[in-house]
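Everything below concerns the one structure shown next.
Residue numbers (the numbering used here): 601 to 738.
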């Protein structure tokens, strides 16, 4: 099983390349599962699938992991936050000055050293990942 981001990885320059489509299909034909992963909402993901004619997945993880859709786009898993947790998060975030970074978004996430140490091995194109996997499975 492999999961890939949709925007900027599968979809590049507002298109899905023929090579990407072919490699995903070859990967799946070998009995592997391909999962699309996205920060998009369910509605926006469905719009994107239709727009780019993307039908080469076994499941989709949307909303930054909060929901999982099956092959037929049925909701099979959902994680929500209770109202108290949301209120606490909003109060905690309100303590930060939104213009502290010159008006740009402030990032509160920092990569661990081990992630930074391997950053050079990260693929930016799903085509490259699938090419490596298909070569290994040959």
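C-beta: ideal position from N, C-alpha, C; glycine also.
- A residue is called buried when at least 16 other Cβ atoms come within 10 angstroms of its Cβ; residue 620 meets this threshold and is buried.
- Residue pairing by DSSP leaves residue 732 without any beta bridge partner.
- For residue 611, there is no enclosing alpha helix (DSSP H), as DSSP marks it with neither H nor E.
- Separation of the CB atoms of residue 662 and residue 635 is rounded to 11 angstroms, and the pair is thereby denied contact status at 8 angstroms.
- In the structure shown, residue 603 adopts extended strand secondary structure according to DSSP, grouped into three states.
- By the criterion of at least three beta-carbon pairs nearer than 8 angstroms, the segment 678-694 is not in contact with the segment 637-656.
- Counting the other Cβ atoms within 10 Å of the Cβ of residue 613 gives fewer than 16, which makes it exposed.
- Looking at the DSSP output, residue 667 bridges to 662 and 678.
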